[in-house]
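Those protein sequences? They're chains L and W, same order as listed. Note that the first sequence covers residues 1 to 806 in the UniProt record's numbering. Note that the second sequence covers residues 1 to 806 in the UniProt record's numbering. See structure below.
Number of protein chains: 2
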Amino acid sequence: MKNHQYAIADYNLKIAKKELTDIHFLDKSTDDIKKPAELLKTFLLKAFLDSQSLTIRGQQIAGMMASFEENALSFLDKNAPLSKIGFYNIALQLLHFQVGEDFLIDNPITKMKDLNLPVADVNDEMNLYDTICAWYLLLNTHNKYGTTFVDDLASKGYFAQNLNSFSKPLIFNGKTMPVYDTNNLIREVVYVEADQDTDNDGKLDLLKTEIIRPKESNKNKVPVIFTNSPYNQGTNDKDGKDLTHNVNIGLQHKEPNNYSYSNIKAKNNKEKLPEPRTVEGKTRKAEQTLDRELSYTLNDYFLARGFAVVYSAGIGTYESDGFRTTGDYDETLSATAVIEWLTGKRTAFTNKLDNNQIEAYWSNGNVAMSGRSYLGTLQIAAATTGVEGLKTCIAEAAISNWYDYYRENGLVLAPGGFQGEDADVLAAETYSRKQNASEFYKNEEAWQKQLAKITEGQERDTGNYNEFWDARNYLKDAKNIKADMFLIHGLNDDNVKPKNVEQIWQAIKPLNINKKLILHQGKHIYINAFQSIDFTDMINLWLTYKLLDVDNNAPELIPNVIIQDNTKEQTWNAFNEWENPDSIKTLHPSQNNELIDDFDHGKKQFKDSVDSKDFQKYCLDYKKWRNDLVLDREDNPLKDNRIIFKTAPAKEDFTIDGKVKIQLNASASQNFGMISCMLVDYGNDYRLTETPKPLGHRINEGYLWREDSLREFKMKMQKTPYKEIAEGHINMQNRSNSYQVDDMEANADYDMSLELQPTFYHLLAGHQLGLVIFATDFENTVRGNQDIKYTINLAESNIQLPIRKQ
Amino acid sequence: MKNHQYAIADYNLKIAKKELTDIHFLDKSTDDIKKPAELLKTFLLKAFLDSQSLTIRGQQIAGMMASFEENALSFLDKNAPLSKIGFYNIALQLLHFQVGEDFLIDNPITKMKDLNLPVADVNDEMNLYDTICAWYLLLNTHNKYGTTFVDDLASKGYFAQNLNSFSKPLIFNGKTMPVYDTNNLIREVVYVEADQDTDNDGKLDLLKTEIIRPKESNKNKVPVIFTNSPYNQGTNDKDGKDLTHNVNIGLQHKEPNNYSYSNIKAKNNKEKLPEPRTVEGKTRKAEQTLDRELSYTLNDYFLARGFAVVYSAGIGTYESDGFRTTGDYDETLSATAVIEWLTGKRTAFTNKLDNNQIEAYWSNGNVAMSGRSYLGTLQIAAATTGVEGLKTCIAEAAISNWYDYYRENGLVLAPGGFQGEDADVLAAETYSRKQNASEFYKNEEAWQKQLAKITEGQERDTGNYNEFWDARNYLKDAKNIKADMFLIHGLNDDNVKPKNVEQIWQAIKPLNINKKLILHQGKHIYINAFQSIDFTDMINLWLTYKLLDVDNNAPELIPNVIIQDNTKEQTWNAFNEWENPDSIKTLHPSQNNELIDDFDHGKKQFKDSVDSKDFQKYCLDYKKWRNDLVLDREDNPLKDNRIIFKTAPAKEDFTIDGKVKIQLNASASQNFGMISCMLVDYGNDYRLTETPKPLGHRINEGYLWREDSLREFKMKMQKTPYKEIAEGHINMQNRSNSYQVDDMEANADYDMSLELQPTFYHLLAGHQLGLVIFATDFENTVRGNQDIKYTINLAESNIQLPIRKQ
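The following block contains the structure:
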């Protein structure tokens, strides 16, 4: 284990005393204590719960060793001087490190430092103040299982023994503590009236909104975490599957156009909306309840800490009105409508018939959004409206421009693992409104029309950026963002690719808002249950600052950019910026298949088609395809289907920081073509898994409340010969941009330039950087298995690497 | 989905009326209803929760279709005649089947029957009584997600709306309903004083015992489910790993002995025990609490239903006294001690020091045990003592004889996936007492001695059955079993192999107890969250009968033997017996590598050693080894390391029911040797996965209580060329039995006979049955890679198949 805690707030003796009093470690009974050992024993007795007898607690303290000679109880009972070593011997055991197995009893401080756990700056022989400060810091220190000691105590019932005795909210070291009764949460449903009529039934769409909030919120307003998840009310997996597009079709020549952006700029054709419903009455009592919601464990964590959590699935989902649109402004509106209701600016009703209004009287008007993937996407969508009350987004693996999700440079490009998916498939999948049989039959015809409109708009046959996609590009409106943005993305996310986070990160750079970025080594995952980083604590610090207005210094404590290293387990580094290279290094492909400083003359060819047996195989087994593509063995079926250029083995470590750019001069044997480029780290070595491994330990989000499972990326058990760093793909007719179609003739040379997905990749000394140039990407592009040959002119091609020294 | 419900109790109108009244579907308000449609509407309104407004409930009813023309609300409001078709249209929607996607609105009854869901025997135009009966049956019918409609309602809050209004326990259709408040369970720890001093400290061992029980149990006694899990307080994985034995060592010649059973019969050397502690006081108030226990979801289900659940980890575990022994009588005693306390016959204390006695005053004295693997094993151990109060065991994948877990016929044989594990490894792994640092240091020397005793006793160098193993063979005492036995085992369990369940099943056959057996197609798994079988309901019916003394006919309703078919998804069949073949078919190996009716002359040879590269590979990749062993391709490295005999393709389906016996006459080129036999189903076909696949749906064990995940075995996506049916292994020097060592000379012929693991295997027409004879089993035996050749005399060898016609 290697700990990284960014969310420990600064403290001093005064703060420690005050806050230890707030959480009842210090009280009248401790006022008269004169000896550090006695004070520590009192702390331990409290840590082992007042609700247990003194004998039991003594038994538990005696279970720990204070030194080789003595158990903690007899040691403390002597009231001898308290050494720093003795304190941290006990401390490590409280943090669940095992004597013998995890550390040696005489060397706890070295162990703390090895594990990157904070050690209090106290005297070797601790005085009373040292004891207070060290105990305070210990409570805020992560244990072996990725939670702070104080959260661990909470999960054992420390606060639950007497919830009513703590002030609410209770802030400790800048973070909100779990002092709310999760057994008695209020669970209710309302219907928010949005300014839209997406099913054209002449009535404004009502959006089912689920609320879970502490009962205290009836009296004292609470902050809100809102998760807008189109999946939350169920999905139509079969419909999605049925609609999935055939990708085994050929690329075709596209008629050139002379489009400039104005040709495809999305129009804002506002239709006249129906009148809002007439409010017939007003109530504080919801009429509908909800059973087990589809939750996100990070939200569960905050429910125990007094935040309200709100789920809404949006237009066209189960028990809501309207139709799915996959990412256009109407979907944004159905997100902001809920926020407007939460901030008192919009009407909601208790049911769909009686027009009985219900307000979010329990909301303090400060809203954060949370969630990953589509759920993160809708955070960005909502933020770009500048909607009031949305204080921050915790957007994980979010799409910032739907074109970058389903397309690339004039090509249809599937999200990794989902070949044939498209905007229409996603719309059909999330149209859970149809799970209500009456709604299904009533709306079937209109829905099929809507779906056909999406299919038409997405224009799979061209792959071009068009009005449809422009209407689904949030980057255009990034300037309107007022919410602070906390972005999280996996550098290996091949579903929502890193370009999505990079573009929004760049777009908000000029804005006067707080912005944070975490880049991890995972694919499309959550990181709120990791052993090596205190993500959940950071979000707690952040939301305590943003939504509870506690001045905890969160913007300064949390680094602007945190990036996980790809060469070692459990290693995170803080930076001021991403895409901040020291230099751009340009290399040229050579006849000898090298990447070299000078340019070389000549041409290299590759073909695209494979024999039909291999074709079948690769369609089913992308891993096999990728191995054959990347591994430059002579005996492999793809040896003529790509060209590989490699650098010499690196003399020292360096980092590729940002977007690698490829300049190509190339021709195809047909009047159409696509080129794919992959940047590869060649070198037989141990590498991290991209899917976190459960460590077999439960994380409690409160006391006997919901749970998560501790995870971590681990080194793979075996060495691997390569690792893909980044990819890019381009339709040769979209050399200018993704909406303008250029002409193309067979065997004519064209210049083009291509940016790969942005990255932050630590290349180890001895490894080689490789550039693989090919056409069909079995996992992502269409697969026509067409007879096309491609030729690259070496002298006019290069690769530009943004390099950061290690 | 294909439903199998064995736990629907018989009912009639009278029962239906009474029980629908008990759960408040019938009450005064329904007395005056004259029209079936009105009655159904009333039922539906109640199903959608009294706590919701009428408008909301109407909205939800209107969401369903009653016919193509009409939604359920408008249909029922007309009060027109209620057709059976209309009823089941609505019923299927209540069971979460989707109109259009799952069924057609005009054909619900065919769909119900296709899904194997029960349809009430009512008139096509239903009268009031029909409506009552059909609604009653519907409440007891499984929905799309593997739970009964009434349990689904419970998880939505049906009972939770007003828990106090229901009688407790509440029995519905013979099963106990979740009407207990899981938010206010009592959680306490006591220390049971057992009649043993396994750490020889001069004091009887105190066993930490965790109790979770409904608060109602303070007033009314409740039944108890006891899970004895040595893993429950943590494990020392590193210690286990460090102790794991090297298996890459050669087999050796063993000195012959003339042992009869009396030579190795376990002695009952009772040592004099310390005096029990003097009781200093008596209390009803426990002093220690427990936070989140390591639970089993089946137990969680029963906590919502008013059962107490008790966990104890036994001697040598965290916060208990004593040392681990891996399966001997002392471990049995630490299980029965808890049962004795639960039935008022043994003392427990509130802590380890004060001798303050606490009784299980809340227990009704009826105890069931539950759990899988080691947890099931200790059920069998406890049952063989005949301990009073233990009414039934729900033993899943349990060991009945530890020799059958770690050894076979004079060979060391690892549980699948755990090469090098042995009794000592398991003892070290489960010695969680050491996680208490003081206990670790205090007892380290004595514990190492105890561990050495186990290592010595298990006698890895011979692999023989000896006193050590005899002391860990529960079958000897099976005759003492008084508890009813519910046994569950996976036919593909290569960890606890099927022989374990088969032997205990045979051993209890003569006893005058109730016995049930379920054999599934999984490996070492739980089956309490499957879509296709109502396992949890059956256990509910069973425990309601056994522990609550409700006369629900459980022994008659639940078939004696339920076996899952291995050729189709979601197919279970009921039988009266296992191992009940119609005939024994004897086949002989031939020179042509066939299995034929007549015997053939000649010999066949195979060698054991492989080249060192293959050796390394197979040690790491058992799947690869198995494929090379079984697939009779000429190009594979193991072609000379085994002989394969096959039957002609089967003309029709048949089932192998029980233990296949192999008679061999064989020699080895050394004066020692082992022979392994594998029965294989050859035939390129789709087969079931052995690990259940999560279906992506949550199962609620109550209302906002703990959860499980719906699972099912699915057909693999691709065809596989073979499936292993059963294996057996024998040390050629243990030809007589597992404790007598016979002499052996190199190249001399010996007769031996070998039983494979018992099975129940449906072989499809067109498939071939194969017998693979080899020596080293990379996954299970030692792997000496020795230069040995084996010769089989065909004429004196045969295979005897217990055949059951399909």
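Ideal Cβ positions, reconstructed from N, Cα and C, are used throughout, including at glycine.
DSSP-derived helix/strand/coil call for residue i
i, result
"I99 of chain W", "The residue asked about is misnamed: residue 99 of chain W is Val in this sequence, not Ile. If DSSP states are grouped into helix, strand and coil, V99 of chain W belongs with the strands."
"L771 of chain W", "strand"
"S609 of chain L", "coil"
"A368 of chain W", "strand"
"E502 of chain W", "helix"
"residue 809 of chain W", "Residue 809 of chain W cannot be examined here, being either before or after the span of chain W that is shown, 1 to 806."
"E444 of chain L", "helix"
"L206 of chain W", "strand"
"I85 of chain L", "helix"
"R305 of chain W", "coil"
"E439 of chain L", "helix"
"Q233 of chain W", "coil"
"A223 of chain L", "Ala is not the amino acid found at residue 223 of chain L; the sequence shown has Pro there. If DSSP states are grouped into helix, strand and coil, P223 of chain L belongs with the strands."
Cutoff 8 Å: residue i Cβ touching any chain W Cβ
i, result
"T647 of chain L", "no"
"E331 of chain L", "no"
"D291 of chain L", "yes"
"T244 of chain L", "no"
"T55 of chain L", "yes"
"E280 of chain L", "no"
"E439 of chain L", "yes"
"Q379 of chain L", "no"
"Q435 of chain L", "yes"
"M177 of chain L", "no"
"D424 of chain L", "no"
"K345 of chain L", "no"
"Q288 of chain L", "yes"
"S165 of chain L", "no"
Spatial distance of residue i from residue j (CA atoms)
i, j, result
"A304 of chain L", "Y6 of chain W", "41 Å"
"Q458 of chain W", "V425 of chain W", "11 Å"
"F226 of chain L", "F535 of chain L", "19 Å"
"L557 of chain W", "K546 of chain W", "14 Å"
"K18 of chain W", "N218 of chain W", "29 Å"
Contact with chain L by residue i, beta-carbon distance below 8 Å
i, result
"G157 of chain W", "yes"
"N351 of chain W", "yes"
"D199 of chain W", "no"
"N183 of chain W", "yes"
"Q59 of chain W", "yes"
"K2 of chain W", "no"
Close Cβ partners of residue i (< 7 Å) along its chain, the five nearest in sequence each way excluded
i, result
"L45 of chain L", "R57"
"F149 of chain W", "L94, L95, L138, L139, T141, N143"
ask   = Using Cβ-Cβ distances below 7 Å, what residues of the stretch 94-115 of chain W are close to chain L?
value = Q98, V99, G100, E101
task = Check each residue of the stretch 689-706 of chain L: if its Cβ is closer than 8 Å to any Cβ of chain W, include it; give the result in chain order.
result = R698, N700, Y703, L704
query = Mind listing which residues of the stretch 57-91 of chain W have their C-beta closer than 7 Å to chain L's C-betas, in chain order?
reply = Q59, A62, G63, M64, M65, N71
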